[in-house]
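Notes for the one structure printed next.
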Amino acid sequence: MQFKIASVDSLIIYFGNEITQDISLKVRKAYKSISTLEDKGLIEIIPSYTSIFITYDIFIYDFNTLKEKLKSFINIDVFDEVAEKIVIIDVYYGSEVGFDLEDISKKTSLSISEIVSIHSNKLYDVYAIGFLPGFAYLGNVDKKIAMPRLSSPRKTIPKGSLALADTQTAIYPQNSPGGWNIIGKTAMELFDKKLDTLSPLSVGNKVKFNPITKDEFLKQGGIL
Amino acid sequence: MSLEVINTPILALVQDKGRFSYTSIGVTNSGVMDEYAYFIANNLLGNELNTNIIEIAFSNIIFKAHKNTTMVITGAKCEFFINNILLNTWQTHNIKAGDIIKIGKILSGSRVYLGVYRGFNIKKEFASNSTTLKENLGGLRGDKLQKGDVLDFNSFTNSSEVRLKEKYIPTYEDILDLRVVLSYQDEFFQQKQIDKFFSNTYTITNEFNRMGCKLDGEEIFCDIDGIISEGISFGAIQIPKDGKPIILLKDRQTIGGYPKIGSVLSIDCFKLSQCKPLQKVKFTPISLEEAHKKVKLFYSSFII
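Here the protein sequences line up with chains B and E, keeping their order. Per this note's numbering, the very first residue in the first sequence carries number 1; after that it's consecutive. Per this note's numbering, the very first residue in the second sequence carries number 1001; after that it's consecutive.
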């Protein structure tokens, strides 16, 4: 763990400097332990791939006091993986919503059904959330279907689109410009004011994609 | 019916101190850009410091009051009229049902704050009234104020008026000094780059909004192109590949992958938010200890 100043009232803890499952696991364990503190002096806690950013109340903490407290509190050397919530997301992997499926099929010489099975068989980790509210960066996608970002981003990617970039995958929680490859669509809300938690996903959750038919997708309120 | 918007304002947003503890799911802090003007407004009204307010950029907004209240205008120097009579800002005014309130031209600064006694009765979204347009959260409908919108408040009749002492009314400087705590990826900037950063003046560009402020001037180079996305603080200074600094403000993205040389003091970002494109800024280093003292002093002065 390396502690660095971020600003007058924030610090950042680094757990490594590459995107690996091992480092992400350390981040998630530390995030969990910091969250359980329920410390009023900690205002924002943002976990990401290799780091945790914390904004603190400067009337309660200074950098060194908080650093020492967190150092003694955070335990990342626990080997057993903590039970993590699995969120199942139904996805319609069809060409009319998965604009780039055919292109990926050509580039990888895999059939669309092979791509779907490779993508949906894996249990993904939520590494980070950002870019848009509820936009969860999930990994790692099997290298067989890893795809670079599009050379020119689309002006609008429809809300609910399932996307792929390199070995990461994500769902666009709202209409947005974007450069990721689109391979399917869900009717599930990823960011919704009506949800108590705003988003069904948080760092530390696991995600499983469940392929559904066009009819099921439409029945769930999906839009083609 | 309490305060009705009767023209089409360019950009007027309901704001408060901000929305906290949702950055972990990508929801930004939002909140007033200039906390100084905001806290003074609430102090003058005798409100709790976190009471909501209207933040007006680009001026020209007209309201009709349908109830009595006490109102205050702070922030940018502007033409402020009640029933076509030009009045002082940074002081409270008693408003009667039927009064027409107008903010005309902005004369210096860029954001005006309009508050009323006890604030507006608007349901909070995730513990805040702050409007974030890109998230469609807060305010009325998650949107900016429009013609016909009505902001409800509790009727209040008072006769005394309170004004801020002249010496506390800010004058917006020609070259704004922004104090910086070196932080984040500072070790990836060579001394020559850091010296350049602190010895040049920069110009505010048109890319200046509630998310951030892009500067033009001497390019700063970092030894690394990008970093693994990580949490971004208020005031963080990103140095993208083109070498031109970007200061991140209230509606900033929560995580990002550009290297950061340091962070501008929050209290200096409040002054920055009253600047305009083409205005000049310069950076001065400050130690974390000294920065803590300055920021604590700022917040302590508003506790009644």
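Just so you know, even glycine gets a beta-carbon here, dropped at the ideal spot from N, CA and C.
query	result
Counted within 10 angstroms of its Cβ, other Cβ atoms place residue 1019 of chain E as buried (16 or more) or exposed	buried
Contact with chain E by residue 148 of chain B, beta-carbon distance below 8 Å	no
7 Å Cβ cut-off: residues of chain B touching residue 1229 of chain E	48, 49, 128, 130
beta-carbon residue 1094 of chain E near the ligand MN non-hydrogen atom, thresh 7 Å	For the structure depicted, the ligand MN is absent and the ligand set is empty, with no information on it obtainable.
Unbroken stretches of the beta strand (DSSP E), 3 residues or longer, contained in the stretch 1145–1224 of chain E	1175–1182, 1201–1208, 1212–1216
Proximity test, Cβ basis, 8 Å: residue 33 of chain B and chain E	no
Where residue 60 of chain B falls, given that 16 or more other Cβ within 10 Å makes a residue buried	exposed
Reduced DSSP secondary structure (H/G/I, E/B, other) of residue 1019 of chain E	coil
Reference residue 114 of chain B, options B/183, B/223, B/52, B/151, closest by Cα	B/183
Check whether residue 1203 of chain E and residue 1216 of chain E have beta carbons under 8 Å apart	yes
Beta carbon proximity, residue 133 of chain B to chain E, threshold 8 Å	yes
Proximity below 8 Å, CB of residue 1185 of chain E to CB of residue 1213 of chain E	no
Continuous beta strand (DSSP E) assignments of at least 3 residues falling wholly in the stretch 1077–1125 of chain E	1092–1095, 1100–1116
Per-residue burial, residue 187 of chain B [other beta carbons within 10 Å of its own, 16 or more giving buried]	buried
Near-chain B residues of the stretch 1230–1257 of chain E - C-beta to any C-beta below 9 Å	1230, 1231, 1232, 1233, 1234, 1235, 1236, 1253, 1254, 1255, 1256
Straight-line Cα distance separating residue 1104 of chain E from residue 1236 of chain E	33 Å
Below-8 Å beta-carbon distance, residue 166 of chain B vs any chain E residue	no
Contact check, residue 1109 of chain E vs residue 1274 of chain E, beta carbons under 8 Å	yes
Beta carbon of residue 1298 of chain E nearer than 8 Å to that of residue 1049 of chain E	no
Member of E/1175, E/1052, E/1257 whose CA lies at the smallest distance from the CA of residue 1113 of chain E	E/1052
Min CB distance residue 1291 of chain E to chain B below 8 Å	yes
Sub-8 Å separation of residue 165 of chain B and residue 147 of chain B beta-carbons	yes
Close Cβ partners of residue 1255 of chain E (< 7 Å) along its chain, the five nearest in sequence each way excluded	1229, 1230, 1231, 1232
CB contact check: residue 91 of chain B to chain E, cutoff 8 Å	no
Under 8 Å between C-beta atoms of residue 1082 of chain E and residue 1101 of chain E	yes
DSSP three-state assignment for residue 18 of chain B, whether helix, strand or coil	coil
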